[in-house]
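Asker: These protein sequences, in sequence, are chains U and R.
For the first sequence, the positions run 2 to 339 when our numbering is used.
For the second sequence, the positions run 3 to 268 when our numbering is used.
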Amino acid sequence: MSRWLRRGAIALLVVALCWGLDRLFEAFLVEYAVRIVIFCGLNAILAVGLNLINGTTGQFSIGHAGFMAVGAYGGAYTVVQLETWLGPSLTALPTFAQQAVALTSGVLVGATVAAIAGFLVGVPSLRLRGDYLAIVTLGFGEIIRLLFNNSETFGGATGYSGGRPLGLTTYTSFFWVALWAVIVVTVVAHLTRSSYGRALRAIREDEIAAEAVGLPTTRLKVMAFVVSAAAAGIAGALFAHLQSAVRPDDFKLDRSVDMIVMIIVGGLGSVTGAVLGGIFVAVTLELFRQWAEYRLVAYALLLVVLMIVRPQGLLGTRELDLAAVGRWWRARRTGGAS
Amino acid sequence: MSGGRPLLELREVHKVFGGLRAISGVSLRIEAGQIFGLIGPNGAGKTTLFNVITGIYRPDGGEVLFDGRPIGGLPPARIALMGIARTFQNIRLIGEMTVRENVMVAGHHRRGVGLLGTVLRTRRWSDGERALRRKADELLEVLGLSALADEQARNLPYGSQRRVEIARALMLEPRLVLLDEPAAGLNSKEADVLKEQIRWLRDTFRLTVVLVEHNMHVVMGVCEHVHCVDHGETIASGTPDEVRNHPAVLAAYLGEPSVAGSGAGS
C-alpha cells in the first residue's frame with residue numbers, strides 16, 4: 002500500500018511542479034516565449050510517442066502527423082459538442098475547472114480516436130516486414146489531411162472552429178501540456194523498461210529470433226504502434242486548443258518530418274533523447290522562423306551531418322539521468338586532468 | 003522402434019521453393035528423451051526441415067505432429083510456446099542487449115502482467131520481472147555464463163554466444179530442442195565437450211534433442227538415432243552404426259557411383 006501512497010505523493014509533487022512552472026512562465030515570459038515552451042512540451046509528447054515505434058520497435062512511421070490530425074479534430078469536435086451540451090453550467094465554473102473538464106475530455110477522446118486509427122492502419126501493414134509501414138503511413142498522413150481538407154463538417158481548408166465566429170476555446174496552457182508530457186513519458190518509459198521493451202527491441206534487431214522465442218511479433222508491433230498513435234493524438238488535441246481553429250495545413254508532411262528529426266537528433270530508442278530532440282526542434286524552428294522556407298533543406302543538411310558525425314543521435318539508445326550526468330562530468334574532469 | 007506416441011512425427015512432408023523440391027516426402031519419428039541426429043550433405047534440406055518444424059516455413063504437403071497435435075503451418079511463436087525451442091546455424095542473439103536480457107526475452111509469455119499492469123508498475127509487474135530475472139540467472143549459472151550476464155551479447159566470443167542461445171532456448175521451458183550445427187567452428191576438443199553437454203542437457207532438463215550437424219564425430223558419438231537426407235529425401239534412418247555403413251549414405255557423402263539409383267554421383 003505504501004507503494005501507492007508514495008506514488009500519490011509523487012503525482013501531487015509533479016502536478017505542483019507543473020503548476021508552479023506554469024505560473025512562473027506566465028509571470029516572467031512574454032506570450033511568445035510561453036508559446037515556444039508549450040511547443041517544447043507538445044514536441045516532447047510527439048517525439049516520445051513516435052520513438053516507441055520508430056526507435057524501440059524499429060518500424061518506421063513517416064505519417065504521424067496524420068494521427069496528430071485525427072487527435073486534434075477528434076478532440077476539438079468533442080470539446081465543442083461538450084460545450085454546447087453543458088452550456089452555461091460549464092462557463093459558470095472557474096477557469097481551471099473549465100479547462101480540466103473540457104480539455105481532459107478532448108485529450109482522452111483525441112487519444113482514443115488516434116489509437117483506433119493506429120490500430121486500423123497498423124494491423125494490415127505491420128503484418129508485413131520491411132518498409133511497408135513507411136509507405137502506408139506516408140499515404141495515411143496525406144489521406145487524412147485531404148479528408149479533413151474536403152470535409153464540410155470540419156470546415157474544409159479554412160479549418161475547424163466549431164462553427165463559431167470566435168473559434169475554439171483556447172484551453173491549453175503550459176500546465177496541461179507539461180502534465181500530459183509527464184504522463185506520456187512515464188507510460189512509454191515504463192513500457193520500454195519492462196518485458197515489453199525487451200520484446201520490442203528484440204523485434205527491432207531480429208524478427209526471426211523474436212518469433213523463435215515465442216514473441217507474438219505482429220501483436221507487439223501493433224501495440225507499440227497504437228500507443229504511439231495515441232500519444233500523437235494527445236499532442237493533437239492539446240495543439241487544437243492552443244488556437245482558434247484546427248487547419249489541415251497544420252498536418253502536412255513537414256510535421257511528420259519534424260517528428261522524425263526530433264527522434265533522430267535525440268537518439269532512436271532513447272526516451273530522454275526524444276524529449277531533448279523535441280525541445281531542439283521547437284527552439285530551432287522559432288530561432289530560424291524568418292528562413293522558414295529553407296527549413297526542410299536545413300533539416301536535411303543537419304541529418305546528413307549528424308549521420309556522419311554522430312549517427313546514433315545525441316544520446317543513442319542511452320537514457321539521460323542525473324547519476325549518468327554526474328559520472329560523465331567526473332570522467333570528463335579526471336580525463337581532462339590527466 | 004519403440005512403441006507409443008512419438009514426441010515429434012513428420013509424415014510425408016513436402017516443401018517446394020519455386021521449381022526446387024527442397025523436401026519431398028520425408029517421414030520421421032522422434033521419441034521423447036531421444037537424441038536424434040539429422041545429417042546429410044550441404045543443401046540436402048536439413049535446415050529447411052528445421053524451418054518447417056519451427057513454423058518459419060509452411061509445409062506444402064504432409065503432416066507435422068508434435069505430441070500428437072498437428073503444428074504444420076502454425077506461426078513460429080505459437081510453436082515455440084508449445085514447447086519447441088531452437089538455436090540457429092548463424093547465431094541470432096540480440097547483440098544490442100545484455101546476455102541476461104537475451105535470456106529474459108524468451109520468458110515474455112510468463113511475465114504474468116498485462117499492458118496496464120506494466121504501465122502502472124503494479125506489484126505483479128515487479129514480481130514478474132523479478133521471477134524472469136531469477137530464472138534467467140539460474141539458467142546462466144548452470145551454463146556457466148553468470149560472469150557474462152551483464153555483457154552485451156555481441157561482445158561475447160563465438161562459443162559463449164552459442165551457449166547463450168541454448169540458455170535462451172531453455173528459458174522457453176521446451177520439451178524439444180532443435181540445435182542447428184552446434185559444433186560449427188569448434189575444434190575436436192571442444193566438440194568432445196559439446197557431446198557431454200548435449201547429453202547433460204537432455205538428462206538435466208528432461209529434453210528431447212534434435213541435432214543438425216556436419217561433424218560426424220559428434221553425431222555418431224552422441225545420437226541414439228540418425229536420420230540421413232539427401233536432395234530432400236530420406237536415404238537412411240537407424241542407429242549410428244546402421245547409418246554409417248549404409249551404402250546410400252556413403253554414396254551421398256563420397257560421391258561414389260550411385261548405389262541407391264538417385265543420381266547423386268553424376
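Note that beta-carbon positions come from the ideal geometry of N, C-alpha and C, so glycine has one too.
Nothing here was measured: the structure is a model prediction, and the numbers come from that model.
Less than 7 Å between C-beta atoms, sequence neighbours within five positions excluded: which residues of the same chain meet that for Gly168/U?
Answerer: Ser162, Ser245 and Ala246
Asker: Could you please give me the residues that DSSP links to Val211/R through a beta bridge?
Answerer: Ile37/R and Val179/R
Asker: From which residue to which residue does the beta strand (DSSP E) around Thr236/R run?
Answerer: Where Thr236/R is concerned, the enclosing beta strand (DSSP E) stretches over Glu235 to Gly240.
Asker: Report the three-state DSSP secondary structure of Tyr172/U (helix, strand or coil).
Answerer: coil
Asker: Can you have a look at Gly6/R and say buried or exposed, based on whether 16 or more other CB atoms are within 10 angstroms of its CB?
Answerer: exposed
Asker: Give, in chain order, every residue of the stretch 166–193 of chain R whose Cβ lies closer than 7 Å to some Cβ of chain U.
Answerer: Arg170 and Leu174
Asker: Apart from the five residues on each side of it in sequence, which residues of its chain come closer than 6 Å, Cβ to Cβ, to Ala182/U?
Answerer: Contacts found: Gly42, Ala45 and Ile46.
Asker: Taking all protein chains shown into account, do 16 or more other C-beta atoms lie within 10 angstroms of the C-beta of Ser196/U, making it buried, or fewer, making it exposed?
Answerer: A residue is called buried once 16 or more other Cβ atoms fall within 10 Å of its Cβ, and Ser196/U is buried on that count.
Asker: Can you pull the chain R residues whose beta carbon is under 8 Å from the beta carbon of Pro312/U, in chain order?
Answerer: None at all; the shortest Cβ gap to chain R is about 14 Å.
Asker: Going by DSSP, what residue range makes up the beta strand (DSSP E) through His16/R?
Answerer: Leu10 to Phe19
Asker: Which of the three DSSP states, helix, strand or coil, is assigned to Gly27/R?
Answerer: Assigned with DSSP and collapsed to three states, Gly27/R falls in strand.
Asker: Where do the ends of the beta strand (DSSP E) carrying Lys225/R lie?
Answerer: Note that residue 225/R corresponds to Cys in the displayed sequence, not to Lys. It is not in any beta strand (DSSP E) - Cys225/R carries neither H nor E in the DSSP assignment.
Asker: Counting contacts by CB-CB distance shorter than 9 Å, is Thr318/U in contact with chain R?
Answerer: At least one chain R Cβ lies under 9 Å of Thr318/U.
Asker: Note down, in chain order, every chain U residue with its Cβ under 7 Å from the Cβ of Pro78/R.
Answerer: Glu212 and Ala213
Asker: Give the list of continuous alpha helix (DSSP H) stretches no shorter than 4 residues that lie fully inside the stretch 217–294 of chain U.
Answerer: 218–241, 254–267 and 272–288
Asker: So the candidates are Ile58/R, Val18/R, Leu30/R and Phe38/R; which of them puts its Cα closest to the Cα of Leu209/R?
Answerer: Comparing Cα-Cα distances from Leu209/R to each of Ile58/R, Val18/R, Leu30/R and Phe38/R, the minimum goes to Phe38/R.
Asker: Which of the three DSSP states, helix, strand or coil, is assigned to Tyr59/R?
Answerer: coil
Asker: Starting from Arg88/R, trace the beta strand (DSSP E) both ways and give me its first and last residue.
Answerer: For Arg88/R, the uninterrupted beta strand (DSSP E) segment begins and ends at Ile86 to Arg88.
Asker: Suppose you measure from the CA of Glu32/U to the CA of Phe40/U; what does that come to, to the nearest Å?
Answerer: 12 Å
Asker: Is the beta carbon of Phe26/U closer than 9 Å to that of Ala34/U?
Answerer: yes
Asker: Residues in its own chain within less than 6 Å of Ala231/U by CB, not counting five upstream and five downstream?
Answerer: Ala112, Ala115 and Ala116
Asker: Report buried or exposed for Asp23/U, applying the criterion of at least 16 other Cβ atoms within 10 angstroms of its Cβ.
Answerer: buried
Asker: Check the Cβ of Leu216/U against every Cβ in chain R and list those closer than 9 Å, keeping chain order.
Answerer: Ala79, Ala82, Val107, Ala108, His110 and His111
Asker: Note down, in chain order, each residue of its chain lying with its Cβ closer than 6 Å to the Cβ of Arg331/U, except the 5 sequence neighbours on either side.
Answerer: none
Asker: Which residues share a DSSP beta bridge with Glu208/U?
Answerer: Answer is none; Glu208/U lacks a bridge partner.
Asker: For Leu315/U, which of helix, strand or coil comes out of DSSP?
Answerer: coil
Asker: Taking C-alpha atoms, which residue in Leu256/R, Gly97/R and Tyr59/R lies nearest to Arg156/R?
Answerer: Gly97/R
Asker: So, for Ile32/R: in the same chain, excluding its five sequence neighbours on each side, which residues have a beta-carbon less than 8 Å away from its beta-carbon?
Answerer: Pro8, Leu9, Leu10, Glu11, Phe38, Leu178, Thr210, Val212 and His227
Asker: Please return the same chain residues whose Cβ sits closer than 7 Å to the Cβ of Ala338/U, not counting the five positions on each side in sequence.
Answerer: Only weak support is given to the placement of Ala338/U: the predicted model assigns it a pLDDT of 47, under 50, and the question is left unresolved by the model.
Asker: Can you grab the Cα-Cα spacing for the pair Phe97/U / Ser106/U, in whole Å?
Answerer: 14 Å
Asker: Using the Cα positions of Gly234/U and Phe68/U, report the straight-line distance between them to the nearest angstrom.
Answerer: 6 Å
Asker: For Trp127/R, go through chain U and note every residue whose CB falls closer than 8 Å to its CB, in chain order.
Answerer: Ser195, listed in chain order.
Asker: Does the beta-carbon distance from His110/R to Ala200/U come in below 9 Å?
Answerer: yes
Asker: Can you find a CB in chain U that lies within less than 9 Å of the CB of Val121/R?
Answerer: yes
Asker: Quick check on Arg13/R - is its C-beta less than 9 Å from some C-beta in chain U?
Answerer: no
Asker: What number of angstroms, rounded off, separates the C-alpha of Leu302/U from the C-alpha of Ala211/U?
Answerer: 36 Å
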